[in-house]
Each structure stands twice: as C-alpha cells, then as structure tokens.
Amino acid sequence: MLSYRLLLCLPFLLLGSLLSAQEDCGNGLDDDGDGLIDLNDTVDCACGFASAIPSLLPNPSLEDFDAGQEGCESIQPGGLPDAPNQANCLVGWQRASIGTTDAWNAFTLSGSPPFFPSELPQPLPSGTGIAGFWIGVRDSEESLFTNGDGTTTTQYREYLAACLEGDNTVEAGNQYRLTFSLGFMQPQSFNSQQGNRVDMASPSPIELNIYGIRECSQIYFGDFYTCPETAGAEGYELIQTVQVTGSAGAWTPVNVNFTAASDYAAFAVGGSCAADVGRSDSDFFRNYYFIDDVILNRPEVFEQPVAGPVSVAGQTICADEITLTGQFTSGASYQWYKDGIALVGETANILTLTPSQSIDGAYALRVTTAGGCATTEDVVIQRPILADMVPDSVALCPELDTVFLQPTRPSGATFTWSDGSTLPYFPVTEPGDYSVTVSTVCEQQIETFTALETETISYQVTTEPETYCVGDTVRISVQTDFFNYGVAYNTLSYEPLFSNDPEGLEVVVGEIDSIVVQLFYGCGSTLDTVALSPDVAFDVSADVPQLSCENPSGTITLNLSNPDQVEFAWTDPAGNPVGDSGPSLEVSLPGTYGVELVDGIRCPATYTYEVVYADSFRVNLAIDSLRCDADGGASAAPSGGTLPYTVNWYRADVTDPFLSDTNRVDRLTPGDYRVSVEDGAGCIRSEFFTLTEPDSLTVTTATTFADCAIEDSGVLTVTASGGAPPYTYRIDGGDPQTAPVFRDLSSGTYSVEVQDSRGCAPVVATVTVTTPTPFTVELADEQVISLGDSLLLELRVLGVSPETGRAVWTPAESLSYPFGEGSTTVRARPARTTRYQVTYTSSEGCSQTAETLVVVDESVRIYVPSAFSPNGDGTNDELLVYPGPSVQRVRSFRVHDRWGGLVYEWTGEAGTGWDGRVGDQTLNPGTFFYLVESELVNGRTISTAGSVTLIR
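All the letters of the sequence shown, read from the start, carry residue numbers -21 to -1, 1 to 931 under mature numbering (1 follows the signal peptide of the UniProt record, and there is no 0).
Listed below in structure tokens is the structure:
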C-alpha cells in the first residue's frame, strides 16, 4: 500500500502580534546565517497551529516505524515493513494475538502476492504507512487453526492494538470520538498447495469491533486465532460494533462516537465475532482490510484548526509518478519541502515526484492563510533494500523424495527458479547446484543454493549474552545455513515455551534453569539442552547502625571478600549519589540507603539497607503538591519523644528558618525544603522534600472572518497547550465553554480567558478583531480568440493592493502563469470555449470571485499555395503546407495527379515538401490535387483538400 503523508506547515499570522524574522522560510537558503535552512530553523519558521488532530493513541497516521520494537522483524532501515506480520514495527502499535497483523508502506512493502494483497488502495489517506488484517480465512475444506491452548477454531481474526499515549486514559462516563479510514483491496486469487482456487477480496459491508482494554499489559490476549470474546481475553471490553461499506481499491472514512463505560488504558480494533463473509461463487476465500489515520480523542478536540493529512498516490517506488496531496484550503498559499528545505517553485497543494536515486527524504507541505500557518507531519520516502530469500543449503534425505523449498521473506517478490518455473516454492528432488532470480517491482537479484544428500545438518545454538547473572534476560537462538521448518523450545519436562520472535527465545535467568532446543528439518530434528548457569554472585553481609539522640550518626559497613577490588556506588534515601566509593558509609538521617557493587568478575549486585531511629521520636511529613504557581503546602506531625516540640521550616540549604513554631506551612513555591523538629530532650529529626513547578498553561489566538461582507461574522480561534486538559474558554467574562472557537464577533478588542482542569487563575489574552478592508474585483465579460491562440486574462482588484493577496484560477489545465502562480494575470490557451473563474483572497482572508467566457473560434487555418515552380531558382521550388496556430501537427500530406495516382506522400517522417518529381522523374506542368490530414490542438483530426498548379 502506498501511503505518503506529508508535513503541512502553515505559518498562521496571529492578529495582535507582529512576527519578523531574518529567515525567509521558502527559498532554500540560510538567510540569517545560523546554519539552519527554512523549516530546520524552528524558531524563525515555527507555525502556530497543529499538524494534525491530537490523538490519545500513539502514531495515529501509522507513519512511524522502529526496528528496535519487540517483535519487529524488518531488515529495512528504520524498521519500515518488508514482509507480512510486521505490525509490531509500527511505533506504539502491536498485534493483539497470534494472528499475523500486518504493516504496509508505500515504498518498502506495497504488496505481497500471491497470498496477500498485491497492491494497496489508492490514494493512501495519511502518509506512506498503513496497517492491515484478515477478517475470515478459509483455504481448504477443513480450515482449522490451532490455538495456543490446543483448542481449534475455524474463525480467523487479527487485531491491531496500542497502549494510549503517555499517561492518557479513556475515562468512564466521558464522550469520545474515534475516526479512521478503512481500505478495501482489489479482488485477486491464487491456487493453494491443495489445488484450491482461493479468492481474496474485501467484502462489503464488513463488521468491525472496537475494544477498550483495562491495562496495557493485557493487550496481547494470547496465542489465539479467534476474537477476544471467544478467547476470554482478560481486560477486553467491547466499546462498539460498526458496519463499514466500501469499494474495491478505495478507502472509506469512519466516524464513531461513544461514551466510555469504563476506564481504559489501551485500544484494539479488528473483525467482529460474526460469521465470516463468504462467497456465493467460491468455497474458499480470504477477506482482507486496510486501516489508516486512527485518531481517538474528546469530540471538542476535533474542532481545532490543523494542517491535516497528506495523501499519497502511486503503487510502487518505481511508479511513473508519485503524487502527494495536501488538504486544499480556500485562499491558502502552499510550499513543499524536502528534509526541511524548500522545493523552490513547488507552490501548489499537490506535489508530483518522479522516482529516482535521490528521491529518499522527508517531505512536508507548509500552508499559509490569513489566519496563520500549520505544518503537516513528515512523509518519509525510502527506497527498499532486498533481503536474502533462500538458504545456502538444502538437506535431501534418503527416505524423502522431495523437499519443498520456500523463500524465507516473500515480501511481494516473484521467483524464477533454475528450471524456469515461477511458483512461490521449489520442489528439490536431486542433489546439485540451483539458482533463483528474485524480482520485485524495482529490483532483481540472483541467489544460489546447493542440495546435499545428507541426514544431518550443521547448526549452532547460541546464548546472548554469553555471561549473565540471575535476573538477566538472555536470548537463545539457532543459526544454520540449511533449509529448516523452525525451532521449538521446551522445558526439561517438555512443557512448550512459546516464542513469537523468529530470532529466538528470551528467558529470565533464575526463572528457568534449562531449555531443550529442537530444530526441525526434512530428515527429522536436532536436540540440544541449554543449561543457564549464572555467574558467581557477591557474598555480602552488613552492619547497619540505629540512630538515636545519643548516637545521631553511624556507619553502614559491608563485609565481603576482596573489597579493594570492588567499586561501591552509594545512594541516600532521596536516590542521590553519596559517599566515597568505599565499603562503608557515614549516615545521620533515617531512610533506605542503596549500594551497587561491581568488580568485573562477579555479577553486579544492588543491595538496600534501612536505617531507623532506635527511639520513638518520629516526624511524619505530608506534602500538598503544587497545582498552581504558589499553592504548595506541607504538614509535619511529630510523635513520640519528649514534649514540647519545636518546628522550623527551611528553604534548601539556608541556615535560618523562614517559618517557626507551626506544624503547617502554605503558599509554597517550587523548590527544595527541609523541616526540622526538636523535642523537649533535645533530639532533632529532619525531613526533606521538593515541590516541582507544574506544567504552565500557554495560549495563542488567531482571527478570521467567516463572511467578510458581514461585519459581525468574526471568528476567534484559541489554541491552548500545557497545564492539565481539558480546558474551558470564556470571552469578555461570558459563560465558560469547552469549544476553543468564538463566532459572530464584530470588530473590537476582546479579553479571552482560558482555564485548565486544575482550577488555577486563568490565562488572559487580549485580542483585537479588525474588520477586513472591503474590495471588489473586475474581469472582462467575454473575449474571442482563434483556436491555437492565447490571451492574457487580467483581474482588476479595487480597494486593496493586488500583490498582497492571491488569485486562484480554474480550470487550470489551459493556463500558464507568466507572473507567478497566484498572480492576478494569467495566460489562457483553451482548446475549446471555456468559462474561467478566479477567486481572489486578500491578505485578511476575504475572497471575491469573478468569471469570464473565452470563446474559441474553431475555424481551421491551413495554407497551401495554389501554384509552385520547381525550377531550381531558389524561389517557390517546393510545395509546402503552412499550418495555422490551431494545428497541433500535420499528420500526412498527399498529392495526386488528375487521374488519382499518388505522386507524393509525407507522413511525418524526415523530409520537406514536394519538389514536382516522382522518384527521379520530373513531372510536366499541370494541375494536381492535395489532401492534408491535421491534428488540431483540441484533439480533433480534420482533412483539407484542394488543387495546385505545377509551373515550369
């Protein structure tokens, strides 16, 4: 699937503030000499509005990949997918069960025939990355899928899931909106190894289930092929079942509103538990669907202005063209960027790219309106690398007639084997050397392999890392150059240990002592036992003091062998480094102290020791964290010891208290504090605490007019960030509202208040709404030209300077822009009578429209002389055709004598005109007849006939 998402950058001019910067953000130059060009200068070229609607889900456009995520098997740079079953390569996303949920990319994996879709629906809604899943598979008469618990099912389902971003949760009782696009594949078919014709398609309509998941740890609901309800998935709750209708090769937008019944930390989507959608004309089928642009949030968040997605069209990286399309905004101007640097001249909302070796990069679109600017997310174009597909060796066993060799990473490639066959597998029957040509849409490579008569194969079982300690995670894996069917891992009692990772099995040392590793191949299997023997641990004892008034300090002393060869790293109760890297530590405060021991020989180890007061004197400290700027507090509750108590409060390391003789302190600002309490016997107890400054609330505003002709149609948009969402908004002391947009405003100055959920003092912004300058436009009513001619269309703008705004002319097919795109003057060369419309948008966002009719006189003008004299005097020696501007090209020119005989013919090949001869024979004077066939600029073909006199 080709999906290219581009970063749309719209610098929105915020009314009430004038921004000036030395950097010109659209010329591809470092204007201010800071080493940062265009969008890479994030200070000078920042935009005020968001790239996309914020989502509680990570990576909503499915554009970001990471090869380091658990379960990602891609070999492409950056983890871009190169084979099915790579949903775990999507940043923040994963498959939810044993079903092979897929990730796709327009360039590295745009199809994987014959068993998966061969192409992606076009255009991709948002960038180059999408996901996909099966909702029903029946390849044979008895399609049974074995679950991890040994049960079987005929129902095959796959699900895409994610933990909500950061600390976000879906909260019970709140309303939410989920939007996404569902893609429907083009129908195709293949013949299974059982000889069955299997039809693949995206039947419509299809039912999807949307699930909320209580805990992120519950996302993977086990090695099941069924839906979560049937599998008894813990933590899964059905939010809603939605039915989606679509067309083959296209996308359907989906909008779901719901009220959360419970709190959810994660989300999943996939097929419902309903019966599979079968085929009326086939017994065997596979049902596949694509998904993209998955956004989940509160409904009001969808109201804010954003740059929006960039769609991508083009089936492969080797397509003739790749088209990136940003959302169209009336009156907006556009600029495309590659790696943050402007593509000079690319100033439409559509960018057409021709694939080449230099196409790789991150593409973005900046859209500018009178209200400001926004930038789309990056669309990354990356050419794929081709992986090795077949092993080096194949073992042929005496009792095995044939080994069916299957490529390890099909990745949508086709195969041409040594014998000329093109099946997705190769039957090996004889020893010898073989080859296969692996072809993708853009690349081709030849691989060789050798078939050997042998009952044994060479292999190696490895443990990484080679040395480890109790609690470490180690990976056990098998490497071999021979074709094999896979590896099984078991305990010594042959209880299976499941691994979804083809790179091996990860285990925690100490939880399992030994692993049985079994490698399966054509002749049988190998059997190895891996014993997990951790390195030697430290043998440590410790003397821990008890503090009291009589002994206000003491020493923690560690007892172990060879202490001079050990590095000691101590930490105090607050987690701060302390001490001098020796085996003992002086302490004067109660709490938990830690120490890490490292000597390069024994396993590194961390120990903790609790230091307490031996007497009963205690101070319990309760802290009220900061919500607003200065509303922190703390309470000290002393107990035990001898009355009375004396309480002193200190800032950081200041020796003098800022408050005394009170157990409670309020109105604290961010910083480090200490409370010290002394009892009547002179014992002192101290407690330390820190108040952290809360995330501040920031507010920006932008103004436009919904209808520039109506004075009270002003629109004020507020963008809030930071603090603690959700936000409430009010204008001029009016009623609070949750939507960040105020409408129907007249010109004037307004006070906008934004308050977050913490209830702190609101942030106040003063905004001026200015009535736009009125203007009118004029355009000639009607003009007439001959076919093939052109004329200038000039829009007159009265009331404002034309250069300060932008004109958009339609239709654009027959227009050119001699004074630059967006100019009020264009050159039109229509091939037929055309009505042109132009919309002029001023710098204040107001638009006026005018239109004109250009009438095309389609009379054909072709001139052929009535006589010519081929006598070699250099004048009028040849008979030529002189086409007028309405003629695109002359397709043929034929001359006949008076009896109809052909004496001359020209059909577009090299040559000039007729010189009065037939071959080497000079013709006598006389009358001849010609026929000219011409193609006009509007595509019509016409014939023109006449007579000509040859004079000697």
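All C-beta atoms in this analysis are idealised placements derived from N, C-alpha and C, irrespective of residue type, glycine included.
Bridge partner(s) assigned by DSSP for residue i
i, result
"residue 73", "140"
"residue 237", "155"
"residue 697", "680"
"residue 179", "167 and 265"
"residue 81", "111"
"residue 885", "872"
"residue 603", "612"
"residue 728", "747"
"residue 379", "Its beta-bridge partners do not exist; DSSP assigns none."
"residue 758", "For residue 758, which the question treats as bridged, DSSP gives no partner whatsoever."
"residue 161", "231 and 270"
"residue 734", "707"
Residue i burial status per 10 Å Cβ neighbour count (16 or more: buried)
i, result
"residue 2", "buried"
"residue -21", "Confidence at residue -21 is low in this model, with a pLDDT of 32, below 50, so the placement of that residue should be treated as unreliable; the coordinate-derived value is given next. So residue -21 counts as buried."
"residue 222", "exposed"
"residue -18", "Bear in mind that a pLDDT of 33 at residue -18, under 50, signals an unreliable position, so the number given afterwards is only what the model happens to contain. The residue is buried, with at least 16 neighbouring Cβ atoms inside 10 Å."
"residue 920", "exposed"
"residue 328", "buried"
"residue 530", "exposed"
"residue 307", "exposed"
"residue 713", "exposed"
"residue 425", "exposed"
"residue -13", "With a pLDDT of 33 at residue -13, under the threshold of 50, the modelled position of that residue is not reliable, and no figure is offered here."
"residue 263", "buried"
"residue 280", "buried"
"residue 123", "exposed"
"residue 929", "buried"
"residue 185", "buried"
"residue 932", "Absent from the structure is residue 932, since the part of the chain shown begins at -21 and ends at 931."
"residue 131", "exposed"
"residue 392", "buried"
"residue -15", "Legend: pLDDT at residue -15 = 32, less than 50; position of this residue unreliable, no value from coordinates given."
"residue 620", "buried"
"residue 77", "buried"
"residue 889", "Residue placement at residue 889 cannot be trusted, given a pLDDT of 47 that sits under 50; the coordinates are not used to answer."
Candidates the options, of which the one nearest residue i by Cα
i, options, result
"residue 742", "407, 698, 788 and 15", "698"
"residue 891", "882, 857 and 411", "857"
"residue 835", "504, 486, 810 and 152", "810"
"residue 246", "284, 198, 866 and 291", "198"
"residue 362", "340, 379 and 344", "340"
"residue 192", "860, 805 and 243", "243"
"residue 671", "632, 606 and 685", "606"
"residue 296", "543, 575 and 336", "336"
"residue 828", "844, 789 and 851", "789"
"residue 88", "103, 710, 76 and 62", "62"
"residue 907", "537, 918, 873 and 163", "873"
"residue 241", "753, 196, 255 and 153", "153"
"residue 482", "431, 588, 18 and 453", "453"
"residue 90", "492, 108, 653 and 465", "108"
Integer Cβ distance of residue i from residue j, believed to fall under 8 Å
i, j, result
"residue 521", "residue 535", "6 Å"
"residue 581", "residue 514", "7 Å"
"residue 35", "residue 69", "Actually they are not in contact, since the Cβ atoms of residue 35 and residue 69 sit about 16 Å apart, beyond 8 Å."
"residue 4", "residue 353", "About 13 Å separates the two Cβ atoms, so there is no contact after all."
"residue 248", "residue 187", "6 Å"
"residue 748", "residue 695", "7 Å"
"residue 111", "residue 267", "6 Å"
"residue 433", "residue 423", "So it is not a contact: roughly 31 Å between Cβ atoms."
"residue 314", "residue 345", "5 Å"
"residue 821", "residue 779", "5 Å"
"residue 401", "residue 394", "6 Å"
"residue 370", "residue 499", "At roughly 14 Å, the Cβ-Cβ gap does not stay under 8 Å, so residue 370 and residue 499 are not in contact."
What are the start and end residues of each continuous beta strand (DSSP E) run of 3 or more residues lying completely inside the region 344 to 372, in chain order?
If we require 3 residues or more, the beta strand (DSSP E) runs fully inside the region 344 to 372 come out as 351 to 354 and 358 to 360.
Ignoring anything shorter than 3 residues, give me the beta strand (DSSP E) runs that lie fully in the region 760 to 808, in order along the chain.
Secondary structure in the region 760 to 808: the beta strand (DSSP E) runs of 3 residues or longer, each lying completely within the stretch, are 761 to 765, 770 to 773, 775 to 777, 785 to 789 and 804 to 807 in chain order.
Return the chain-ordered ranges of every alpha helix (DSSP H) run that is complete within the region 400 to 487 and spans a minimum of 4 residues.
Correct list: empty.
Scan the region 199 to 231 and note each continuous alpha helix (DSSP H) run of 4 residues or more that stays entirely inside, going in chain order.
207 to 210
What runs of the alpha helix (DSSP H), each 4 residues or longer, lie entirely inside the region 2 to 59?
none
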